[in-house]
Structure formats: structure tokens, C-alpha cells
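With numbering that gives the first Met the number 0 applied, the sequence shown covers 0 to 335.
Positions of the beta carbon are idealized from the N, C-alpha and C atoms, including for glycine.
Reviewing the structure listed below.
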Amino acid sequence: MGARTRTAPHLYRRVASCPGPGRCHHLSICWVVEECFMESEVISSCNLCGTDPVATIDTEHHLCQCTECGFIFDSPRPTFAEIQRFYSEEDQYDAWLAQEASRDTLWRRRLKRVLKYRQAGDLLDVGTGIGQFLSHAQRHFRVEGTEVSDNAISIAKSRYGFDIHQGQIEEIQFDKQFDVVTAFHVLEHVPDPSAFIARCRDLLKPGGILIIAIPNEIHSKVRQGVRAVLKVAGIGKFKNYGKHTLPKISLEGTLTEIHLSHFTQKTAAYLMKSQSLEIVDMALDPYYVSGGIGAVVHKVIYATARLFHMVFRHNLYDTMWLALQKPSVADSQKPG
0 MGARTRTAPH
10 LYRRVASCPG
20 PGRCHHLSIC
30 WVVEECFMES
40 EVISSCNLCG
50 TDPVATIDTE
60 HHLCQCTECG
70 FIFDSPRPTF
80 AEIQRFYSEE
90 DQYDAWLAQE
100 ASRDTLWRRR
110 LKRVLKYRQA
120 GDLLDVGTGI
130 GQFLSHAQRH
140 FRVEGTEVSD
150 NAISIAKSRY
160 GFDIHQGQIE
170 EIQFDKQFDV
180 VTAFHVLEHV
190 PDPSAFIARC
200 RDLLKPGGIL
210 IIAIPNEIHS
220 KVRQGVRAVL
230 KVAGIGKFKN
240 YGKHTLPKIS
250 LEGTLTEIHL
260 SHFTQKTAAY
270 LMKSQSLEIV
280 DMALDPYYVS
290 GGIGAVVHKV
300 IYATARLFHM
310 VFRHNLYDTM
320 WLALQKPSVA
330 DSQKPG
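Here it is in C-alpha cells:
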């Protein structure tokens, strides 16, 4: 992984979006800004390819880019201990619970896509949050989940009856491998993307499927368009990533989030191939959860972006969906 150096506490601006239970959607522009100090660390080499040094491309918003593979990441950035503490805050998942019914639609949609690759077996959901996806997946799979947040684990137990493994996936020990491993919007949060993907691969049975959903922050024309609207509306000062992306808010527009890595199709593919995973599918991940005009607008945006992706193989949408396969035993024994 990239070399890390601990630094003094750093001032971060946390941005949240929540216009109210049941009314959140992607184009919401109601933000609450809070400034806080977090222990931080400096990353001096690329996590994906090891290039050292890397180039600073945005000093105001702490963005660095590898001059070799193009990977973009935060440096300085909050330490893992700070991130774990942040996601364990008591009210962190209030918005999720308020939107539980509408989010069921999102998880059913994602499960339907997972079932295209595997219809039964053992499934591990990494970064499972409050366990809502597992509540749907258990109808088809024997399920387990991991999570770093104390609060989310408690909710998963009380709400759905799941005993979630706590901690980083690289440190948790399992007594079996899995047919499917899923990680929905987790990779952008982890300190060591390469180690994360390597561990997910190792936890798969030969021929198993890994599903990754991540933001497409850099190339998304949707984000660029919304950012332009914010600027015209006179609230561009709340942006937290300058020329590259929208504020650090969740894709569903309801949670404050901390993204450490920022992937494009190119860098995501580079990472997966470097970990000996075959890319079965690279598509878009529709994430809208609300109804009303917001959902209508988003469906039009998604349909347009999907058509563009089908024709030109270039993703202009906010998110990426990657289906990856671990080599089977027979494949791994083929001469290189």
C-alpha cells in the first residue's frame, strides 16, 4: 500500500444533505456544513502501482494523483481510527432508517443483478451497514456481513437479527470461502484498496463472483451538471472537491461520507486486473431511492447514460458496477 505518515490533526469540512425523511433524492441541494478536526495521515506513494512520489493536483481539497496509473486519492486524509469513530456516531444511520422502505427497492434491484451471476450458495456482504441488503439476500443465499461501525452492527442485530463481523475485512478470520462477495460503495472508503480487493478475492471460492459498486466521481457528467447548478444558485462555496466532484455526501444524498479514493473506469479496471480478477461486467449502478419528480428525472438521466455506455463504452453516470470472477482451479493451473 502507499507509504503513510501520521500528521497533526487536520481541519475537515463535513457536508451532509438531508431535506427530510422520505424527501431525499439525488438532486437535493440542502446542505449542512460542519467543520471538525480529525487525526490525519499523508500518503506518499500510489496504492495501486507503488509509484513514488505522486503529484498533488488540488492542494485546497487534498487530492493527489499517481503519475503512472492515474489513480486519484486524498492526502492528507483521516486515519482509519477517525473514520471508524465517525461512522459509529449515534445518528449516522438515522436517514437510512427513515428511508428503509424506499431503500428496499434499491437493495432488491441490486440483488436481482447479483442473481444473474449466482443463484445460491454462501454470500458475504462487506461493509454491510445496517444489514438491509442481507435481509433480502438471505432468501437465496447463506449470508454473512462485515462492518466497522458499532452503531450499524447494533442496528443490524436489533432490526434484522444478524450477527455482523466487526472490523476491516483484511483482519477478520473466516472458516470458509464464499460463492459471492459484495461490496456496495465501500471501496472508496477503505485505507488500502489493493489489500481490500486481494482479501475479497482470497475469500472467494475458485470461480466465485465479486461485486463492487463505486462512485464514478471524476468522469460523471451528472455531477458536473449538478455542480454547475449549485454555482449558479450561489452555493458553490459548499463544494468540497473543487474541479473533480460534488461534496462528500452519499450517493443517495442522505449521509455525510468520507471518500479516500476516487476511481475512473481505467483505474478500477487496473486495480481488479492487478489482483488477478477477470472483469465479467462493467456497467452502471442506478441508486435512486425516492419517488416523485426526482425519481423521474434520475431515471431519464440513467437511461441516457446507460445508452451512451452501451454505444461508446464510456461511463458518464455517477456510479460503476463491476462483476469480477476469481479464476477457477482449472484456469489457475493453465500455463502463463
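Distance check between Gly-291 and each of Ser-101, Tyr-86, Thr-318 places Ser-101 closest, using alpha-carbon atoms only. CA-to-CA, the gap between Ser-74 and Ala-194 works out to about 18 Å.
If you keep only unbroken alpha helix (DSSP H) runs of at least 4 residues inside the segment 57-110, you get 79-86, 93-97.
Annotation for Phe-195: the continuous alpha helix (DSSP H) segment containing it runs 192-201.
For Thr-303, the secondary structure class from DSSP, reduced to helix, strand or coil, is helix.
According to the DSSP assignment, Thr-263 belongs to no alpha helix (DSSP H), since it is labelled neither H nor E. Leu-283 places its beta carbon less than 8 Å from that of Arg-305.
In the structure shown, Arg-112 adopts helical secondary structure according to DSSP, grouped into three states. Bounds of any beta strand (DSSP E) do not take in Phe-161, whose DSSP letter is neither H nor E.
Assignment of Ile-154 by DSSP, reduced to helix, strand and coil, places it in the helix class. Linking Gln-324 to Leu-123 through their CA atoms gives a straight-line distance of about 15 Å. Looking at the DSSP output, Arg-141 sits in a beta bridge with Asp-121. Annotated three-state conformation of Ser-39 is strand, per DSSP. Taking the Cα positions, Gln-172 is about 26 Å away from Ile-278. Here the alpha carbons of Ile-163 and Thr-303 stand approximately 38 Å from one another. Here Lys-204 carries a strand assignment [DSSP, helix/strand/coil]. Contact between the segment 308-321 and the segment 197-214 is established, with three or more Cβ pairs separated by less than 8 Å. For Phe-132, the enclosing alpha helix (DSSP H) stretches over residues 131-136. Here DSSP, grouped into helix, strand and coil, assigns Ile-292 to helix. In this structure, DSSP gives Leu-270 a helical state, which the three-state scheme calls helix.
CA-to-CA, the gap between Ser-134 and Arg-158 works out to about 10 Å. Here DSSP, grouped into helix, strand and coil, assigns Glu-170 to coil. Residue pairing of Gln-324 in beta bridges, as defined by DSSP: Ile-208, Glu-277.
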